[in-house]
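Chemist: First the structure, then my questions, so here it is.
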Ligand SMILES: NC(=O)c1ccc[n+]([C@@H]2O[C@H](COP(=O)([O-])OP(=O)(O)OC[C@H]3O[C@@H](n4cnc5c(N)ncnc54)[C@H](OP(=O)(O)O)[C@@H]3O)[C@@H](O)[C@H]2O)c1
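Shown next, in the form of structure tokens:
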């Protein structure tokens with residue numbers, strides 16, 4: 001269940017950020033082969049029993065440029081012209097396909113999408129209108145989860161009221177936040193509770209090598225308040241899979257974060273992950289996802305670019321590392337200095 005919302009999701013979801021993206025992923029290029037691969041990832045997820053997908057209003061081709069442009073327009077003419085194209089699940093995985101699977105096999109898909117708290121979006125009304133845009137692009141009448149993607153610069157009260165309005169109107173089955181600190185999380189929980197709406201989830205950066213939620217009180221607060229922690233970048237954008245090495249760092253913007261120097265320092269941990277995985281016949285990717293699941297109350301949402309990656313995620317389920325292995329990995333991971341997170345976490 002996502003928190004106390006009654007919305008059931010699979011123990012692991014799939015992140016859809018890279019599908020169609022040309023701002024951070026895919027070496028700034030998108031073509032038919034990548035589209036086919038992403039479709040393959042979607043189909044393989046369903047075939048493996050994973051039916052929870054995370055997307056966002058701001059995910060998709062060119063939206064980064066659009067945001068910058070809209071900032072410009074805002075300052076020039078106070079235009080409120082932001083119209084994101086994405087919730088990119090739709091662009092790629094047309095709901096015709098989902099409907100087909102639903103009709104033939106009874107497959108139910110749970111969609112989580114997110115509201116972009118852009119500085120020129122004020123108040124509760126902006127949440128409902130953005131959500132309606134997302135629903136229309138997605139071709140559905142409601143989504144299983146609607147999350148505030150990051151905290152608002154001018155405050156969050158209006159946005160939280162908007163989430164509660166959406167819940168009451170039946171447009172969303174559960175509500176969540178993302179990149180919220182412990183204090184913001186507690187405030188959001190309290191405000192929604194007054195409206196009788198459970199805060200179901202907080203989506204934050206959490207992996208074996210990015211354990212901020214354990215250190216800044218977010219994980220403990222989620223556990224205490226019955227809020228599911230959805231872990232994004234759970235395989236450290238590929239760095240924890242073991243496929244990137246000092247001699248073979250990732251390309252594109254990731255290469256500036258997971259540098260050869262960083263990957264050199266990561267190798268002893270990767271070796272240990274491999275060693276532990278060997279005794280279960282599991283890959284490093286499966287071990288690090290399992291490590292997150294072992295923390296309890298955590299749903300990781302790794303991004304899959306193709307069917308093979310999605311299938312590998314499914315192998316992270318159905319078994320558990322021992323407590324001793326979990327601690328051994330945590331203790332070795334402490335030797336690796338974490339990379340910088342998404343700055344909005346500190347807003
Ligand atoms: N709320 C937020 O602010 C926020 C921020 C970030 C992400 N998210 C969400 O979290 C999701 C996941 O995070 P993420 O995409 O940043 O990072 P991630 O899940 O840690 O890493 C995904 C990347 O790892 C590589 N990979 C995946 N499976 C693999 C495998 N089996 N073997 C080897 N490499 C593999 C792929 O890239 P390559 O094949 O190119 O290496 C893939 O794109 C996103 O899709 C999004 O839905 C949310």
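Residue numbers (the UniProt record's numbering): 1 to 347. The beta-carbon is built from N, C-alpha and C at its ideal position, and this holds for glycine as well.
Compute the beta-carbon to beta-carbon distance between residue 184 and residue 151, rounded to the nearest angstrom, for a pair I have assumed lies under 8 Å.
Modeler: Counting from one through the chain shown, the residue named residue 184 turns up at place 184. Counting from one through the chain shown, the residue named residue 151 turns up at place 151. Between residue 151 and residue 184 the Cβ distance is about 6 Å, and since that is below 8 Å, they are a contact.
Chemist: Could you spell out the range, first to last residue, of the alpha helix (DSSP H) harbouring residue 313?
Modeler: Your numbering for residue 313 matches position 313 in the chain shown. 307-314 is the span of the alpha helix (DSSP H), which, as asked, contains residue 313.
Chemist: If you run the structure through DSSP and keep just helix, strand and coil, what is residue 336?
Modeler: Against the chain shown, residue 336 aligns to sequence position 336. Of the three classes helix, strand and coil, the one that applies to residue 336 here is coil, per DSSP.
Chemist: From which residue to which residue does the alpha helix (DSSP H) around residue 193 run?
Modeler: In the chain shown, the residue the question calls residue 193 occupies position 193. First-last of the alpha helix (DSSP H) with residue 193: 182-194.
Chemist: Considering only the beta carbon of each residue, do residue 350 and residue 270 sit closer than 7 Å?
Modeler: As displayed, the chain neither begins before 1 nor continues past 347, which places residue 350 out of reach and without an answer.
Chemist: Would you check whether ligand 1 has a heavy atom nearer than 6 Å to the C-beta of residue 145?
Modeler: Sequence index remark: in the chain shown, residue 145 carries index 145 (1-based). It does not: the Cβ of residue 145 is nowhere closer than 6 Å to a heavy atom of ligand 1.
Chemist: So, for residue 342: in the same chain, excluding its five sequence neighbours on each side, which residues have a beta-carbon less than 8 Å away from its beta-carbon?
Modeler: Locating residue 342 in the chain shown gives position 342, where the first residue counts as 1. These residues qualify, in order along the chain: 150, 179, 205.
Chemist: Just checking residue 295 against ligand 1 - is the residue's beta carbon closer than 6 Å to any of the ligand's heavy atoms?
Modeler: Here residue 295 corresponds to residue number 295 of the chain shown, with the count starting at 1. No, the beta carbon of residue 295 sits no closer than 6 Å to any heavy atom of ligand 1.
Chemist: CB-CB under 7 Å to residue 291, same chain, minus the five flanking residues each way: which ones, in chain order?
Modeler: Against the chain shown, residue 291 aligns to sequence position 291. The answer, listed in chain order, is 208, 321, 326, 329.
Chemist: DSSP on residue 85, reduced to helix/strand/coil?
Modeler: Taking the chain shown and counting its residues from 1, the one referred to as residue 85 is at position 85. Per-residue confidence for residue 85 stands at a pLDDT of 49, beneath the threshold of 50, marking its modelled position as unreliable; the derived number appears in the next sentence. Coil.
Chemist: Leaving out five residues on either side along the sequence, give the residues of the same chain with a beta carbon under 8 Å from the beta carbon of residue 154.
Modeler: Walking along the chain shown from the start, residue 154 turns up at place 154. 119, 122, listed in sequence order.
Chemist: Examine ligand 1 and report whether any of its heavy atoms sits within less than 6 Å of the Cβ of residue 216.
Modeler: By one-based count along the chain shown, residue 216 stands at place 216. Checking every heavy atom of ligand 1 against the Cβ of residue 216, none is found closer than 6 Å.
Chemist: Nearest to residue 20 by CA position, among 313, 38, 265, is which residue?
Modeler: Start at 1 with the first residue of the chain shown, and residue 20 comes out as number 20. If we check each option's Cα against that of residue 20, 38 comes out closest.
Chemist: Do you know offhand how far residue 281's Cα is from residue 333's?
Modeler: Counting from 1 along the chain shown, the entry for residue 281 is found at position 281. Counting from 1 along the chain shown, the entry for residue 333 is found at position 333. Roughly 22 Å between the two C-alpha positions.
Chemist: Can you check which of these residues, 239, 347, 294, is closest to residue 182 by C-alpha distance?
Modeler: Position 182 of the chain shown holds residue 182. It is 347 whose Cα lies nearest to the Cα of residue 182.
Chemist: Taking 7 Å as the threshold (C-beta atoms), are residue 52 and residue 110 in contact?
Modeler: By one-based count along the chain shown, residue 110 stands at place 110. By one-based count along the chain shown, residue 52 stands at place 52. Going by C-beta atoms, residue 110 is nearer than 7 Å to residue 52.
Chemist: Going by CA-CA distance only, name the one from 307, 337, 11 that's closest to residue 47.
Modeler: What you label residue 47 is simply residue 47 of the chain shown in a count that begins at 1. When only C-alpha atoms are compared, the closest one is 307.
Chemist: Whole alpha helix (DSSP H) runs in the stretch 137-183 with 4 or more residues, listed along the chain?
Modeler: Entirely contained in the stretch 137-183, the alpha helix (DSSP H) runs reaching 4 residues are, in chain order, 157-168.
Chemist: CB-CB under 6 Å to residue 350, same chain, minus the five flanking residues each way: which ones, in chain order?
Modeler: Residue 350 lies beyond the range of the chain shown here (1 to 347); nothing can be said about it.
Chemist: Please state whether the Cβ-Cβ distance between residue 5 and residue 200 is less than 7 Å.
Modeler: Position 5 of the chain shown, counted from the start, is the residue given in the question as residue 5. Position 200 of the chain shown, counted from the start, is the residue given in the question as residue 200. Yes.
Chemist: Is residue 324 helix, strand or coil by DSSP?
Modeler: The residue labelled residue 324 in the question sits at position 324 within the chain shown. The answer is helix: DSSP assigns residue 324 an H, G or I state.
Chemist: Taking the straight line between their C-alpha atoms, what separation do you get for residue 133 and residue 268?
Modeler: Here the question's residue 133 lines up with position 133 in the chain shown. Here the question's residue 268 lines up with position 268 in the chain shown. Cα to Cα, residue 133 sits roughly 47 Å from residue 268.
Chemist: Less than 7 Å between the beta carbons of residue 13 and residue 299, yes or no?
Modeler: In the chain shown, counting from the first residue as 1, residue 13 sits at position 13. In the chain shown, counting from the first residue as 1, residue 299 sits at position 299. A contact, by the Cβ cut-off of 7 Å.
Chemist: My output table needs one value for residue 343: the three-state DSSP class, helix, strand or coil.
Modeler: For this step, residue 343 is matched to residue 343 along the chain shown. Residue 343 falls in the helix class under three-state DSSP.
Chemist: Does DSSP put residue 223 in a helix, a strand or coil?
Modeler: Position 223 of the chain shown, counting from 1, holds the residue named residue 223. Helix at residue 223.
Chemist: Taking residue 139 as the reference, give the member of 148, 166, 171 with the closest Cα.
Modeler: Residue numbering aside, residue 139 sits at position 139 when the chain shown is read from its first letter. Here the closest residue by C-alpha is 171.
Chemist: With distance defined between alpha-carbon atoms, name the residue in 18, 117, 58, 145 nearest to residue 9.
Modeler: Mapped onto the chain shown, residue 9 falls at position 9. Of the candidates 18, 117, 58, 145, the one whose C-alpha sits nearest the C-alpha of residue 9 is 145.
Chemist: Measuring CA to CA, which of 261, 287, 260 is closest to residue 272?
Modeler: Here residue 272 corresponds to residue number 272 of the chain shown, with the count starting at 1. Per the Cα distances, 287.
Chemist: Which of the three DSSP states, helix, strand or coil, is assigned to residue 12?
Modeler: As a first step, residue 12 is located in the chain shown; it is residue number 12 there, counting from the start. Three-state DSSP puts residue 12 in coil, outside helix and strand.
Chemist: How should residue 3 be labelled, buried or exposed, when 16 other C-beta atoms within 10 angstroms of its C-beta is the threshold for buried?
Modeler: Here residue 3 corresponds to residue number 3 of the chain shown, with the count starting at 1. Looking at its Cβ environment, which holds 16 or more other Cβ atoms inside 10 Å, residue 3 is buried.
Chemist: Where does residue 324 land, buried or exposed, given buried means 16+ other C-beta within 10 angstroms?
Modeler: Counting from 1 along the chain shown, the entry for residue 324 is found at position 324. Answer is exposed; the Cβ neighbour count stays below 16.
Chemist: Nearer than 6 Å: is that true of the beta carbon of residue 32 relative to any heavy atom of ligand 3?
Modeler: As for ligand 3, it is missing from this structure, which binds only ligand 1.
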